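Notes for the one structure printed next.
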Amino acid sequence: MKNVDSNKRNKEIYKKAITKYGLYAQIDMVFEEMSELQKELCKFKRGKSNISNIAEEIADVKIMLEQMALAFDIEDKVELQKDLKIKRLEERIKGE
């Protein structure tokens, strides 16, 4: 039950953020957060031990992507596409 309550609460917060800052500003935040994740992953590839930074940036990106799915009213479509792509990945792995 906690997960359902948490998801509902998150959606309410996302809606408030989109209303307060505007959709275009939140889209810009998606770009910014993805860039920060990319930067941390590049640092990791260069040998830096930055796992906690990577976790933080993944969380930021996930939050922003959830906001985008909500803003565009495509949460179900995103889940469907995710399921299809995971199935395709599974088939590729089996075929190798």
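Just so you know, we're using my numbering here: the sequence shown kicks off at 2 and counts up by one. No residue lacks a Cβ here, since even glycine has one placed at the ideal position from N, Cα and C. Since the model is a prediction, treat every value here as computed from it, not as a measurement.
Secondary structure of residue i, DSSP reduced to three states
i: G48; result: coil
i: E97; result: coil
i: D6; result: helix
When the options are compared against residue i, the one with the closest alpha-carbon
i: L24; options: R10, L81, E67; result: E67
i: V31; options: G96, K16, M65; result: M65
i: K63; options: E92, K49, V79, C43; result: V79
i: K21; options: K95, A72, I59, I94; result: A72
i: I59; options: L81, R89, S36, E97; result: S36
i: D61; options: N4, I28, G96; result: I28
i: A56; options: K44, N8, L38, V5; result: L38
Environment of residue i [buried if 16+ CB atoms lie within 10 Å]
i: E41; result: buried
i: E13; result: exposed
i: E76; result: exposed
i: L81; result: exposed
i: L90; result: exposed
Unbroken stretches of the alpha helix (DSSP H), 4 residues or longer, contained in the segment 22-76: If one requires a minimum length of 4 residues, the alpha helix (DSSP H) runs lying completely within the segment 22-76 are 24-46, 52-72, in chain order.
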